[in-house]
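Novice:
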Amino acid sequence: MNPTVSAFDPVRIGGLELANRIVMAPMTRSRAYGPGQTPTDLMATYYAQRAGAGLIITEGTQPSVIGQGYPDTPGLHSAEQVEAWRRVTDAVHAEGGVIFAQLMHTGRTGDPELLPGDLSPVGPSAVAAEGQIYTHAGMKPFPVPRELTADEIAQTVADFAAAARNAIAAGFDGVELHGANGYLIHQFLSTNANRRTDGWGGTVEGRTRFALEVAAAVVAEVGAERVGIRVSPGNPLHDIVEDDPHTTYKALLDGLADLGLVYVHLMETAGYRDLTESLRAQWPGAFILNPATRPEPTGLGELALIEDGTADLISYGALFLANPDLPVRLAAGGPFNSPDRATSFGGDHRGYTDYPTLN
Ligand SMILES: Cc1cc2nc3c(=O)[nH]c(=O)nc-3n(C[C@H](O)[C@H](O)[C@H](O)COP(=O)(O)O)c2cc1C
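Residues 0 to 358, numbered by numbering that gives the first Met the number 0, are exactly what the sequence shown covers, in order.
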């Protein structure tokens, strides 16, 4: 225990001074109703309301047209998206907040009907996830993705780098690479979605190569102090199997540490606390933990994870969605609003910007 460190203390990550160690976890809300998948003024209000977080990480944001897997998610691949995001980052900065954009390429987890023309979802291999995906037309089975060629992998890496450059142009303080939850980067890391026999598959080195290439390209574009990554070792979401997460993530974090990324954001899988601890011990930078204990309904129990050194920062998802002033409520010991799951994805201000603050 280190009772001299608390979740409410400031912390420096890279060149940024964060007001506290409480992070708003990335949450897709499917409300980017502006033309060309642009964020709206309502989104600016939503994020500005949550600027009391030490760090806000945005909803998953596609780095390219083909990286979009859900309806009405925002992008960072066009000039109009950069301009619209600028209103969001300005609103957050005006409230004293710090905000990173989460770059999410959903890979095989998508729906051809969301994509223009005859584009269809891509993945490391032509292997469909088992299960169903949320679409405009309700739940549908996952499609069989088209296997990316070597040239397309290089283009995808370049798309991530361009999106990171766009994020900085839009006023973001940095970007988080979404390497978790069964999306493209995680698909490459896995042993079932990635059946490649070339340099991007087969061995641990092969399966981690895409993540490291994306990270290296993004670091080269915007600087390592502005780049974090989210990973979810052992998480089976979207039909992901990892035969040996301990070996895979040790190798991945070794490579990412060489690149100097500013943080690792670990979304913990239940039963993997030992892996959390060994990756935390290995990682030289800031360590953000989204604990598997799933903090609802209060989040108070998780604060001790900062004092006992399990993490440098703690991220909260659903609780931040429902409590715009979450750090104030945690400091006061509550009370807490409960999230309304019916308004998670899509819709208007209800269940979005109308959750009350304490005062
Ligand atoms: C509505 C909703 C949308 C989410 N969208 C994303 C996302 O875009 N990117 C991501 O990495 N995680 C996403 N998550 C996962 C959260 O970041 C978080 O890891 C998860 O909710 C568990 O933490 P919690 O118990 O504090 O909510 C989402 C969660 C929720 C509830």
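Note that the Cβ used here is the ideal one computed from N, Cα and C, for glycine as well.
So, do the segment 282-289 and the segment 235-250 have three or more beta carbon pairs nearer to each other than 8 angstroms?
Specialist: No, the segment 282-289 is not in contact with the segment 235-250.
Novice: Would DSSP call methionine 26 helix, strand or coil?
Specialist: Coil, per DSSP.
Novice: Buried or exposed: where does glycine 178 fall if 16 or more other Cβ atoms within 10 Å of its Cβ makes it buried?
Specialist: Answer is buried; the Cβ neighbour count reaches 16.
Novice: Could you tell me which whole alpha helix (DSSP H) segments of length 4 or greater appear in the segment 114-179?
Specialist: Complete alpha helix (DSSP H) runs here, min 4: 149-168.
Novice: When the distance is taken between beta carbons, is alanine 50 closer than 8 angstroms to valine 22?
Specialist: Against a cut-off of 8 angstroms, the Cβ pair of alanine 50 and valine 22 comes out as no contact.
Novice: Is the beta carbon of tyrosine 315 within less than 7 angstroms of some heavy atom of ligand 1?
Specialist: Correct: tyrosine 315 has its Cβ closer than 7 angstroms to ligand 1.
Novice: Quick check: is any heavy atom of ligand 1 less than 7 angstroms from the C-beta of glycine 66?
Specialist: Because no heavy atom of ligand 1 lies under 7 angstroms away, the Cβ of glycine 66 does not count as near it: no.
Novice: Go ahead and pull the three-state DSSP assignment for glycine 66.
Specialist: In this structure, glycine 66 counts as helix in the three-state DSSP scheme.
Novice: Out of Gly68, Thr72, Pro283 and Ala90, point me to the one whose CA is closest to aspartate 40's CA.
Specialist: Ranking Gly68, Thr72, Pro283 and Ala90 by Cα distance to aspartate 40 puts Ala90 first.
Novice: Over the uninterrupted alpha helix (DSSP H) stretch that includes glutamine 186, give me the two end residues.
Specialist: First-last of the alpha helix (DSSP H) with glutamine 186: 183-188.
Novice: Thinking C-alpha only, which one of Pro326, Ala317, Asp353 and Gly332 is nearest proline 338?
Specialist: Ranking the options by Cα distance to proline 338, first place goes to Ala317.
Novice: Should the segment 127-146 be called in touch with the segment 99-117, which here means at least 3 C-beta pairs below 8 angstroms?
Specialist: With the cut-off at 8 angstroms, the segment 127-146 and the segment 99-117 touch.
Novice: Round the Cβ separation of isoleucine 228 and leucine 255 to the nearest angstrom and send it over; I've been treating them as touching at under 8 angstroms.
Specialist: About 6 angstroms separates the two Cβ atoms, so the contact holds.
Novice: Report whether the distance from the Cβ of threonine 63 to the nearest heavy atom of ligand 1 is below 7 angstroms.
Specialist: Checking the sequence, you will find serine at residue 63 rather than threonine. Checking every heavy atom of ligand 1 against the Cβ of serine 63, none is found closer than 7 angstroms.
Novice: Which partner residues of aspartate 314 appear in the DSSP bridge assignment?
Specialist: Checking the displayed sequence, the identity of residue 314 turns out to be serine instead of aspartate. Beta-bridge pairing links serine 314 to Val22.
Novice: Just to check, is the beta-carbon of alanine 321 closer than 7 angstroms to a non-hydrogen atom of ligand 1?
Specialist: Incorrect: alanine 321 has no Cβ contact closer than 7 angstroms to ligand 1.
Novice: Under three-state DSSP, which class holds glycine 33?
Specialist: Correct three-state label for glycine 33: strand.
Novice: Whose C-alpha, out of Glu82, Leu102, Leu75 and Pro323, is nearest the C-alpha of alanine 47?
Specialist: Among Glu82, Leu102, Leu75 and Pro323, the Cα nearest to that of alanine 47 is on Pro323.
Novice: What's the gap between the Cα of glutamate 112 and the Cα of glutamine 131?
Specialist: Looking at the two C-alpha atoms, the distance is approximately 14 angstroms.
Novice: Would you call the segment 267-282 and the segment 205-218 in contact, with 3 or more CB pairs under 8 angstroms?
Specialist: Counting Cβ pairs under 8 angstroms, fewer than three are found: no touch.
Novice: Does DSSP classify glutamate 16 as helix, strand or coil?
Specialist: Three-state DSSP puts glutamate 16 in a strand.
Novice: Compare the C-alpha of serine 29 against each of Tyr133, Val64, Asp8 and Val87 and name the closest.
Specialist: Comparing Cα positions, the closest option is Tyr133.
Novice: Please report the residue range of the beta strand (DSSP E) in which histidine 76 lies.
Specialist: Where histidine 76 is concerned, there is no enclosing beta strand (DSSP E), given that its DSSP letter is neither H nor E.
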